[in-house]
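First residue of the sequence shown? That's 20 in the working numbering, and the numbers climb one at a time after it.
Note that CB positions come from ideal geometry on N, CA and C, so glycine has one too.
Reviewing the structure listed below.
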Amino acid sequence: TPEISLARVNCWDWPHLCLQENVTQFPIMKMYTKERAWLAYSGMWETKEMMKFIELSRNSCPVRLMTPEEIEEYLSDKTSSHRTVSVLGIFDSSMSEGKTSRECQKS
20 TPEISLARVN CWDWPHLCLQ ENVTQFPIMK MYTKERAWLA YSGMWETKEM
70 MKFIELSRNS CPVRLMTPEE IEEYLSDKTS SHRTVSVLGI FDSSMSEGKT
120 SRECQKS
């Protein structure tokens, strides 16, 4: 996809970079966000599984859907084939995000 760039680094050639990024085992795949946080991939090393990881990592979680149209768009998203489970919650607008999060975690 146009929003994703891939790079390959050989730690034998770039040991300082690998040390800086805390790469201690090979192979490893890390996905960096705009905020410079990263997610490490720990699944099977096959194209289909890695693409699933990339597609799912692009979506923020949780997703706040405020209208029926947003819900329909989310459920009809082309990446939905990568999602194994979707949980939709309907919350009272007076609930704080912290309380909502705690209530969801109890479920």
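query                                                                                                                                     : result
Does the distance from the C-beta atom of residue 76 to that of residue 94 stay below 9 Å?                                                : no
Looking at the secondary structure, which residues open and close the alpha helix (DSSP H) in which residue 67 lies?                      : 66–77
Reducing DSSP to helix, strand and coil, say where residue 35 ends up.                                                                    : helix
Which term fits residue 27, buried or exposed, when burial requires 16 or more other beta carbons within 10 angstroms of its beta carbon? : exposed
Return the CA-CA distance between residue 49 and residue 83, expressed in angstroms with no decimal places.                               : 26 Å
Per the DSSP calculation, residue 49 is bridged to which residue(s)?                                                                      : 59
Going by C-alpha to C-alpha distance, which of 62, 24, 71, 23 sits closest to residue 46?                                                 : 62
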